[in-house]
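All remarks here apply to the structure that follows.
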Amino acid sequence: MAIKIIQMPFKETFLEFYTKVKSSLEDGTFAKLTLAKTIGNAELMNIYVRPIMDEDVLKLELKFKFQKEEIIEIHSIDKTFNRLLEFINNPFLSAILFTTEFDLTYKLNKKRVVSTVEQFPTFGNANEVLLEYLRGK
Numbered sequence: 112m113a114i115k116i117i118q119m120p121f122k123e124t125f126l127e128f129y130t131k132v133k134s135s136l137e138d139g140t141f142a143k144l145t146l147a148k149t150i151g152n153a154e155l156m157n158i159y160v161r162p163i164m165d166e167d168v169l170k171l172e173l174k175f176k177f178q179k180e181e182i183i184e185i186h187s188i189d190k191t192f193n194r195l196l197e198f199i200n201n202p203f204l205s206a207i208l209f210t211t212e213f214d215l216t217y218k219l220n221k222k223r224v225v226s227t228v229e230q231f232p233t234f235g236n237a238n239e240v241l242l243e244y245l246r247g248k
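Residue numbering for the sequence shown follows my numbering, starting at 112 and increasing by one per position.
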């Protein structure tokens, strides 16, 4: 599909990427979000993000997958951006947004230049919790 190379600070480029995350949540195409590809042998291996309902509010669950344990945090959709931004470039070099329309990979190379790659979707169905939430609106 399309490769886009961007030379901007991480916060700006990740905000552009996260805008697509928010759009996929709003239009019901979000399947999942994963932060992966760590620098070196990091203790934290992945962060998996999925929508959940918390007191009738759509929020995001962040599952921090360490080598020996998992920790779960729940944040609002907007606060999740800042929480994930802390891990871009340290230790993660990529984030992958899976939607029913496309997969979008946000990637940092060795020189810390950001590229985004859009590919055909891996998932045919959106996240079930999200779909239930949107049906109830």
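Think of the CB as a built atom: it goes at the ideal place given N, C-alpha and C, for glycine as much as any other residue.
ask   = When the Cα of A237 is compared with those of F141, F125, E127, K222, which residue comes out closest?
value = Shortest Cα-Cα distance from A237 to any of F141, F125, E127, K222 involves F141.
Contact check, I158 vs F192, beta carbons under 9 Å = F192 is positioned such that its CB atom lies no closer than 9 Å to that of I158.
ask   = In whole angstroms, what is the alpha-carbon distance linking K221 and V240?
value = C-alpha separation (whole angstroms): 37 Å.
inquiry  = Quick check on the DSSP output: the alpha helix (DSSP H) that includes E166 runs from which residue to which?
reply    = From DSSP, E166 is part of no alpha helix (DSSP H); its letter is neither H nor E.
request  = Go ahead and label V224 buried or exposed: buried means 16 or more other beta carbons lie within 10 angstroms of its beta carbon, across all protein chains shown.
outcome  = Under this definition V224 is an exposed residue.
Distance CB(F121)-CB(L155) smaller than 9 Å = No; because the gap between Cβ atoms is not below 9 Å, this pair is not in contact.
query = Among the residues of its own chain, which have a CB less than 7 Å from the CB of F234, if the five just before and after it don't count?
reply = A142, F209, T211.
request  = Check each candidate in F175, I199, I188 and name the one with the smallest Cα separation from I150.
outcome  = Ranking F175, I199, I188 by Cα distance to I150 puts I199 first.
ask   = Which word fits V132, buried or exposed, when buried means at least 16 other C-beta atoms lie within 10 angstroms of its C-beta?
value = The residue in question, V132, is buried, as its Cβ has 16 or more Cβ neighbours within 10 Å.
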